[in-house]
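Report on the following structure.
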Amino acid sequence: MKIAIIDKAPSNVKYDKYFEFEFENLHMSDIRIKKLLKKDITLVVDLEDYDYVILVGSEAAKNYAKITSVTQYQGHLVDDKFMPVINPAMLAFKPEGKPAFMQAVKKIHQYVEGNVQEMGVGEYEGIEDETIAKEHCKMLLALSPDVIDTIAVDTETTSLYPRDGYVLGISLSYKANQGVYISTDVIDEELEKILQQIFLKFNIVMHNAKFDLHMLEYHFNFKFPRVADTMLMHYDLDETPGTHGLKPLAMKYCEKLGDYDKALVEFRSDYCKVHKIKQADFTYDLIPFDVLSKYAAMDTAATIELYKKFQPIIYKSPNLKKVYERLLVPGMRFLKQVEDNGVPFDKERLVKGQTKMDEEINRLHQELYSFSEVHTFEELQGKVFNPNSPMQLRILLFDILGLKPVPGKKTGTGAISTDAEVLTTLAKEHELPGAILGIRKASKIKNTYLDKIIPALDADSRLRTGFNLTSTTSGRLSSSGKLNMQQLPRDNKIVKACIKATPGHKIVSQDLATAEMYVAAVLSEDKVLQDVFVSGGDFHSSMAHRIFGLPCKVEDVTKKFKKKRQAAKAISFGILYGSGPEKVAETAGVSIDEAKDAITEYFETFHKLKNWLDTSKKTIKANQYIYSIFGRKRRVPNVISTDRGIAGHEVRSAVNFLIQSVASDINLLAGIDMQNYIEARGMKTKIFGLVHDSILAEVPDEEMNEYCEKLEYYTKMDRGCSIPGAPVGVDLEIGDDYSFVEEEPNGSADST
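Here is the structure:
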């Protein structure tokens, strides 16, 4: 047997430390090189001469096997020849990768020794016959819950949103390596009733249940009283972002499935090439039934196998079980309802907003041409200046205008950066970068928001986007889909003003007040810090008054010393999250000496806070993980990295988690309880978003008092993280629209 290992370039890595068989070590470049470009590849080799080729790192995997994700395919056999692995040299810097790497090494040895089971073997069936579909479902319904208590369910659809498409088929599996895919063309009223009985009788497990529940409830009105979610389970076990997809988990944990959707991926790729369409525009109704059915049936086979692996682990740990049952599953159900409620937009305002932004962009362009340097650029280059072109910006700013690049600011390719941060810095030296920044901001608001929101609206003028539980390590929610609600412009109210309540309703935003400092005061048990909250008033004003010794009453700080309050806020958060004096000084807008004095004063005053931070860091370094007060686990194996920067970042990230996750969970739990109350009372209030530390709702006027009082009650409820006599604070804003200002896009008053 002839085996080759291909890596990027010569290095100190000793592959015989990991592989106990003979191999040839080939290098894509014959000299040591950091970044490999096509022109640097010198290797000439006939891969047909080798039985197996181990591809080390992303460069080799992409060049020889067309693999874009080494971590997903690590240790798997691709095209009966290639076996990708990460570069083991990375393990010293990122120890978190070692378990997966060693597992891949073990699997490669199994391939070489011929001990790997045949992939894709199982009982998989696509059903397009009404009688066969009913017979199979009746068989499932007759199974005893004592023998089979869980059935995996999945859908294949034509769209990511139920109102934009339809369900092509439903997959069902009751054991590993088994599954059927039933075309919805054969689902009549009788079969619907049988399926509903199945969903009521058994525990149903899905992967990314929020999606399938959306589809099945909207199109069939199915009810699912008991739902498990393997995506949430994996997040509970490993919060690393981007690792929770069904396919990579199946490849990692389900030995007999392998790269089971390969035929589907190849069909999609070939179809898009032949028909000259983008892969983003490809929909699953274009896939032949025989190709789609096996893939779909194996999806549920993977799901039930993952469930049987993950569920026992989670239920052995009181913390993991609590997080899964109290936070993740109820949170998923709650966010599904939030998404279904939709964000209420005023289409007329959106159109007016487009017009207003067009006018603003035109004005800013005219202002841009008041600078002679722009005319000089166009004369020299023989083209119209494009403010969105980094290359043209470099010529204008650094060659013609003569400004100096911001030190340390480079792009991923090593070029001089012209991003928003750079333009903001350069704007202090000349007005032209500020004018360019203004055009960019205005164009982004129009192109990213106003222009994209209008076609994304449903018939009821509401936009249904996504809110995600599993996208961050800190436990904070994220938003994605048709609109990222977490990234709405803060310094321009036009988009927010277009989120408008229907007549007889108001937009209500309840925001946690100084939640992270509050959580830190609770966790540290620092009575002096807690007393700041007990005494009431604005926390950051109190801090500014204390730190800077301001000659006024605390309640007057915001009015008389606004910048000092902002500086105190920056200092508080900088200290909390481990920033050094230089970073605190930069953020707070004070000198380094002032920052040092402020930090010293802070820790002398709140010494128990410092002790808690120090103890937490020691625990994190010793254990490589830590639990939040609500039971979430944050795993940080890279604290033992030989790279001090990586190790330090891991520690700061874990401390951040201890605080941010709790603040986020206070909000999430309040939202869950409030939604349950809304449903129990039959209220018409619609919660439509969780943005940072706020809960957004459209509330009928007649339900306003009840909603606000109950939401505040649930938010301030003592869940084991409260200061006696001083529950967490909330700020409430109520208006006709989400901007909470007097003007709408056309300038007329419309909000309270």
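Residue 1269 in my numbering sits at position 636 of the sequence shown, with consecutive numbering throughout. C-beta: ideal position from N, C-alpha, C; glycine also.
- request: Have a look at GLY747, SER1107, SER1076, VAL1017 and flag the residue whose alpha-carbon is nearest the alpha-carbon of ASN995.
  value: In the sequence shown, the residue the question calls residue 995 occupies position 362. Comparing alpha carbon positions, the residue from GLY747, SER1107, SER1076, VAL1017 closest to ASN995 is SER1076.
query: Would ASN1080 be called buried (16 or more neighbouring beta carbons within 10 Å of its own) or exposed?
result: Numbered from 1 along the sequence shown, position 447 holds the residue referred to as residue 1080. Its Cβ having fewer than 16 others within 10 Å, ASN1080 is exposed.
message: What does the Cβ neighbour count give for ASN854, buried or exposed, with the cut at 16 atoms within 10 Å?
response: In the sequence shown, counting from the first residue as 1, residue 854 sits at position 221. Residue environment analysis places ASN854 among the exposed positions, since fewer than 16 neighbouring C-beta atoms fall within 10 angstroms of its C-beta.
query: Between the C-alpha atoms of GLU1377 and PRO1122, what's the straight-line distance to the nearest angstrom?
result: Taking the first residue of the sequence shown as 1, we reach residue 1377 at position 744. Taking the first residue of the sequence shown as 1, we reach residue 1122 at position 489. Residue placement at GLU1377 is poorly supported in this model, since its pLDDT is 35, which falls under 50; the coordinates still yield a value, given next. Cα-Cα distance, rounded: 15 Å.
- request: Report, in whole angstroms, the separation of the C-beta atoms of LEU997 and GLY1071, which I expect to be a contact under 8 Å.
  value: One-based indexing of the sequence shown puts residue 997 at position 364. One-based indexing of the sequence shown puts residue 1071 at position 438. With a contact defined as Cβ atoms closer than 8 Å, LEU997 and GLY1071 qualify at about 5 Å.
query: Which first and last residues belong to the beta strand (DSSP E) in which ASN995 is found?
result: By one-based count along the sequence shown, residue 995 stands at place 362. Note, ASN995: premise wrong, no beta strand (DSSP E); alpha helix (DSSP H) at 980-1001.
message: Please state whether the Cβ-Cβ distance between ALA1221 and ILE1208 is less than 7 Å.
response: Counting from 1 along the sequence shown, the entry for residue 1221 is found at position 588. Counting from 1 along the sequence shown, the entry for residue 1208 is found at position 575. Between ALA1221 and ILE1208, the C-beta spacing is not below 7 Å.
field: Per-residue burial, ILE1132 [other beta carbons within 10 Å of its own, 16 or more giving buried]
entry: Taking the sequence shown and counting its residues from 1, the one referred to as residue 1132 is at position 499. Buried, since its Cβ has 16 or more Cβ neighbours within 10 Å.
message: Taking the beta strand (DSSP E) that GLY1362 belongs to, which residues open and close that run?
response: By 1-based counting over the sequence shown, the position of residue 1362 is 729. Per DSSP, GLY1362 belongs to the beta strand (DSSP E) from 1362-1368.
field: ILE1086 versus LEU846: straight-line alpha-carbon distance, rounded
entry: Residue mapping note: residue 1086 aligns to position 453 of the sequence shown, counting from 1. Residue mapping note: residue 846 aligns to position 213 of the sequence shown, counting from 1. Between the C-alpha atoms of ILE1086 and LEU846 there is a straight-line separation of about 24 Å.
- request: Compute the beta-carbon to beta-carbon distance between ASP1326 and ALA1148, rounded to the nearest angstrom, for a pair I have assumed lies under 8 Å.
  value: Residue numbering aside, residue 1326 sits at position 693 when the sequence shown is read from its first letter. Residue numbering aside, residue 1148 sits at position 515 when the sequence shown is read from its first letter. Right, the Cβ-Cβ distance comes to about 5 Å (below 8 Å), so this counts as a contact.
query: If you follow the beta strand (DSSP E) that PHE715 is part of, which residue opens it and which one closes it?
result: For the purposes of this step, residue 715 is taken as the residue at position 82 of the sequence shown. Residues 715-718.
- prompt: Would you call the CB atoms of ALA1330 and ILE1320 closer than 7 Å?
  reply: One-based indexing of the sequence shown puts residue 1330 at position 697. One-based indexing of the sequence shown puts residue 1320 at position 687. Their beta carbons are under 7 Å apart, which means ALA1330 touches ILE1320 by this criterion.
Coarse secondary structure for HIS660, derived from DSSP in three states: Taking the first residue of the sequence shown as 1, we reach residue 660 at position 27. Three-state DSSP puts HIS660 in a strand.
Opening and closing residue of the beta strand (DSSP E) in which LEU1329 lies: Position 696 of the sequence shown, counted from the first residue, corresponds to residue 1329. From DSSP, the beta strand (DSSP E) with LEU1329 extends over 1327-1333.
field: Spatial neighbours of GLU756 in its chain, beta-carbon cut-off 6 Å, leaving aside the 5 residues before and after
entry: Residue mapping note: residue 756 aligns to position 123 of the sequence shown, counting from 1. Closer than 6 Å at Cβ, skipping near neighbours: GLN811.
query: Considering only C-alpha positions, which residue in the set GLU958, LYS1192, MET931 is nearest to GLN944?
result: Counting from 1 along the sequence shown, the entry for residue 944 is found at position 311. The alpha carbon of GLN944 has as its nearest neighbour, out of GLU958, LYS1192, MET931, the alpha carbon of GLU958.
Residue interval of the beta strand (DSSP E) (run including ARG901): By one-based count along the sequence shown, residue 901 stands at place 268. Going by DSSP, ARG901 is part of no beta strand (DSSP E) but of the alpha helix (DSSP H) stretching over 895-908.
- request: Measure the alpha-carbon distance for LEU865 versus LYS889 and round it to whole angstroms.
  value: Taking the sequence shown and counting its residues from 1, the one referred to as residue 865 is at position 232. Taking the sequence shown and counting its residues from 1, the one referred to as residue 889 is at position 256. For LEU865 and LYS889, the distance between alpha carbons rounds to 23 Å.
Where ASP923 falls: helix, strand or coil (DSSP): Here residue 923 refers to the residue found at position 290 of the sequence shown. In the three-state scheme derived from DSSP, where H, G and I count as helix and E and B as strand, ASP923 is classed as helix.
query: Cα separation between PRO728 and GLU1188?
result: Along the sequence shown, one-based indexing puts residue 728 at 95. Along the sequence shown, one-based indexing puts residue 1188 at 555. One C-alpha to the other measures close to 50 Å.
field: Bridge-paired residues (DSSP) for VAL819
entry: If you number the sequence shown from 1, residue 819 lands on position 186. DSSP output for VAL819 lists no bridge partner at all.
message: Once the 5 residues before and after TYR1082 are set aside, which same chain residues still bring their CB inside 6 Å of it?
response: By 1-based counting over the sequence shown, the position of residue 1082 is 449. A distance below 6 Å between beta-carbons, with the five flanking residues on each side excluded, links TYR1082 to the following residues of its chain, in chain order: VAL1128.
field: Nearest-angstrom Cα separation, counted from ARG1198 out to TYR1190
entry: For this step, residue 1190 is matched to residue 557 along the sequence shown. For this step, residue 1198 is matched to residue 565 along the sequence shown. In the sequence on display, residue 1190 carries Val and not Tyr. Distance between the alpha carbons of VAL1190 and ARG1198 is about 7 Å.
Proximity of ARG1265 and SER1224 at Cβ, strictly below 7 Å: Taking the first residue of the sequence shown as 1, we reach residue 1265 at position 632. Taking the first residue of the sequence shown as 1, we reach residue 1224 at position 591. Cβ distance not < 7 Å, so ARG1265 and SER1224 don't count as in contact.
field: Presumed contact (8 Å Cβ cut-off) between ILE947 and ASP871, rounded CB distance
entry: Here residue 947 refers to the residue found at position 314 of the sequence shown. Here residue 871 refers to the residue found at position 238 of the sequence shown. Taking the Cβ atoms as the reference, ILE947 lies roughly 12 Å from ASP871, outside the contact range of under 8 Å.
Alpha carbon of SER691 to alpha carbon of VAL711, nearest angstrom: As a working mapping, residue 691 is identified with position 58 in the sequence shown. As a working mapping, residue 711 is identified with position 78 in the sequence shown. It is roughly 14 Å from the alpha-carbon of SER691 to the alpha-carbon of VAL711.
3-residue-minimum beta strand (DSSP E) runs that sit fully inside the stretch 793-839, ordered along the chain: Taking only runs of at least 3 residues, the beta strand (DSSP E) segments lying wholly in the stretch 793-839 are 800-806, 811-816, 836-839.
GLN1120 burial status per 10 Å Cβ neighbour count (16 or more: buried): One-based indexing of the sequence shown puts residue 1120 at position 487. GLN1120 comes out exposed.
query: Roughly how far, in whole angstroms, is the beta-carbon of VAL1167 from the beta-carbon of ILE1292, given that I think they are within contact range, below 8 Å?
result: Residue mapping note: residue 1167 aligns to position 534 of the sequence shown, counting from 1. Residue mapping note: residue 1292 aligns to position 659 of the sequence shown, counting from 1. With 8 Å as the limit, VAL1167 and ILE1292 do not qualify as a contact, their Cβ atoms being about 19 Å apart.
Opposing strand residues paired with TYR1210 [DSSP bridges]: By one-based count along the sequence shown, residue 1210 stands at place 577. DSSP lists no beta-bridge partner residue for TYR1210.
field: Supposed contact pair VAL813 and LEU805 - C-beta distance, whole angstroms, cut 8 Å
entry: Translated into the one-based positions of the sequence shown, residue 805 becomes position 172. Translated into the one-based positions of the sequence shown, residue 813 becomes position 180. Confirmed, about 6 Å.
query: Are the beta-carbon atoms belonging to PRO1023 and ILE1069 less than 7 Å from one another?
result: As a position in the sequence shown, residue 1023 is number 390, starting the count at 1. As a position in the sequence shown, residue 1069 is number 436, starting the count at 1. In this structure, PRO1023 keeps its C-beta atom at 7 Å or more from the C-beta atom of ILE1069.
task: Would you mind working out which of LYS1250, TRP1245, ILE1259, GLY747 sits nearest THR1106, comparing C-alpha positions?
output: For this step, residue 1106 is matched to residue 473 along the sequence shown. Ranking LYS1250, TRP1245, ILE1259, GLY747 by Cα distance to THR1106 puts ILE1259 first.
task: Please go through the same chain and pick out, in chain order, the residues whose beta-carbon is closer than 7 Å to the beta-carbon of ILE1078, but skip the five residues on each side of it.
output: As a first step, residue 1078 is located in the sequence shown; it is residue number 445 there, counting from the start. Closer than 7 Å at the Cβ level, and outside the excluded window around ILE1078, lie MET990, PRO1122, ASN1125, ILE1127, VAL1128.
- prompt: Touch check for the stretch 895-912 and the stretch 769-783: three-plus C-beta pairs under 8 Å?
  reply: When C-beta atoms of the stretch 895-912 are compared with those of the stretch 769-783, fewer than three pairs fall below 8 Å, so the two segments do not count as touching.
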